[in-house]
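Working notes, structure below.
Numbering (the numbering used here), first residue to last: 11 to 603.
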């Protein structure tokens, strides 16, 4: 059984990984760093931040640049653990500015990796992978095996969420081998946990529980309560997938108790969600409903839809400031060069000093004025375009948030209440059909709402995100059906930026084609294929159902015409082939690059 919370333990791994990395900057001779490190390990993040900020004030006053890098990085990780992503990114950027000045490659690589993890938490996988690439290049260049293993581990978390389980398992095992070679006990525990997650998704439950249990024992020996809670929650989820709900409740309640004690909000969210599913599986819908409401309340406090926009804005400001500083530096170099030339001319031609000086100043002023004027006009144009783009993104985010807040919670309550009513009237035929219909329609609306929110997010308008979403939808939609499914979806899809209209029409056409196969084809096998070659994206869905003749195809309803019009509107092609008793194949193709 897959639940809506299957992906949440991956966040735990991300935070745990930041926790294990906390000590890499630790200055053993500095009392404040030692104290904050101890508080961090006890999950007292607020107190750790207070200690770090007090020490930072002293370091700024005394111009202790190296210790400032350590403090900024540590503050970034502490804020990340509290879910305050914007504040975390701000401190990481301050740290990396200083490492670039000092030329410290090792610290630069580790901070780049931490920023990647922050974007990974926000599901911005493209941005996260770009930072991991930079960190991994540095690790290879300076032969830092621990940093290389960290990059492997973080990539594995992304591959998990993209459903690339074989790829995730491969990089996790690479990371584990390095950690075992270096005897880094805390990260060995992390790698064992990650491998357990992959086996869970592959439905290899005994192997998954074995790795989780080994990780749990290591965490208990280390005294790491955060990781203990995460492992307990993961084990509870596996027992739920095995339909052993009493055992699942036992482990998830233990995880919730520890997470609330250490204020690990992300694990609290996961535990409430898991317990709601456990009680629903046992038929206790009233208890499931109560826990579902707690899950929604805690999750809405923890996940802020505007946070991603704020992070993107902060990153843009950082890049802009960096470029402007480079421009200023270049201008200063040009001015110095001009002064040197003027000095040489002064020595060689004293008699023409005044003429050359006045001419040089006049030319410099004209050039400066011309460049300044062009730069101002270009900046105004960029500001105008940025304002339009920001307004559009804010409106899309607002719409998505309103849909999520208003419709999402309401529909979830309708589904749970319908289930409770359906359970109460099972002994009577009166109203059972209508209640089941309400429940089914509500569930379909929830699914469509999630798809709409995904489509509205501009960050998702890339080919790799589109393919990952199609793969995820096909797996979720066909799971549990008495239909043999074969997924032949290309894994190594490159990053290609596409328009939101293209993203929307391709996804909706694929979704509707799959729905038609399940609803009308009366088939026992469905094959889904996706390839991207020479810039051409091709998606095909083939069923082994009853099929239909060409004349009957013309009489089919608006569904096929809508799919054809969607593809034509974005310059794509739509083809359908069928024969009575020979099944049906629907194929779409579009040139994207």
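Just so you know, even glycine gets a beta-carbon here, dropped at the ideal spot from N, CA and C. If you're wondering where the values come from, they're calculated on a predicted model, not measured in any experiment.
Through-space distance from residue j to residue i, alpha-carbon basis
i	j	result
residue 528	residue 548	21 Å
residue 307	residue 280	12 Å
residue 132	residue 521	25 Å
residue 274	residue 56	12 Å
residue 581	residue 269	51 Å
residue 595	residue 586	6 Å
residue 493	residue 44	58 Å
residue 206	residue 213	10 Å
residue 481	residue 506	17 Å
residue 310	residue 554	43 Å
residue 535	residue 46	58 Å
residue 84	residue 377	46 Å
residue 24	residue 593	Residue confidence for residue 24 is low, a pLDDT of 47 falling below 50, so the modelled location carries little weight; the figure read from the coordinates is stated next. Those two C-alpha atoms are separated by around 45 Å.
residue 69	residue 455	55 Å
residue 451	residue 428	11 Å
residue 278	residue 266	6 Å
residue 501	residue 175	11 Å
residue 202	residue 224	7 Å
residue 544	residue 519	22 Å
residue 108	residue 64	19 Å
residue 542	residue 488	23 Å
residue 96	residue 603	34 Å
residue 464	residue 577	19 Å
residue 523	residue 584	11 Å
Distance CB(residue i)-CB(residue j) smaller than 9 Å
i	j	result
residue 222	residue 241	yes
residue 99	residue 125	yes
residue 82	residue 101	yes
residue 158	residue 149	yes
residue 290	residue 264	no
residue 246	residue 284	yes
residue 178	residue 166	yes
residue 170	residue 215	no
residue 123	residue 160	yes
residue 152	residue 115	yes
residue 86	residue 111	no
residue 135	residue 471	no
residue 200	residue 253	no
residue 53	residue 272	yes
residue 588	residue 557	yes
residue 262	residue 243	yes
residue 250	residue 287	yes
Assigned exposure category for residue i - 16 Cβ within 10 Å defines buried
i	result
residue 187	exposed
residue 72	exposed
residue 392	exposed
residue 601	exposed
residue 532	exposed
residue 145	buried
residue 141	buried
residue 375	exposed
residue 590	exposed
residue 394	exposed
residue 368	exposed
residue 209	buried
residue 412	Here residue 412 scores only 49 on pLDDT, less than 50, and its place in the model should not be relied on; the value that follows carries that caveat. Under this definition residue 412 is an exposed residue.
residue 380	exposed
residue 390	exposed
residue 302	buried
residue 383	exposed
Candidates the options, of which the one nearest residue i by Cα
i	options	result
residue 540	278, 498, 118 and 204	498
residue 61	525, 40, 74 and 470	40
residue 447	460, 431, 373 and 258	431
residue 195	54, 162 and 232	232
residue 504	271, 525, 475 and 236	475
residue 574	469, 258, 249 and 515	515
residue 551	513, 484, 569 and 509	484
residue 468	452, 455, 510 and 429	510
residue 282	381, 259, 164 and 293	259
residue 48	235, 556, 182 and 154	235
residue 546	538, 597, 571 and 525	597
residue 619	77, 373, 59 and 113	Given a span of 11 to 603 for the chain in the structure shown, any question on residue 619 remains unanswerable.
DSSP bridge partner residues for residue i (one or two, in chain order)
i	result
residue 551	538 and 596
residue 499	540
residue 601	546
residue 585	597
residue 472	507
residue 494	535
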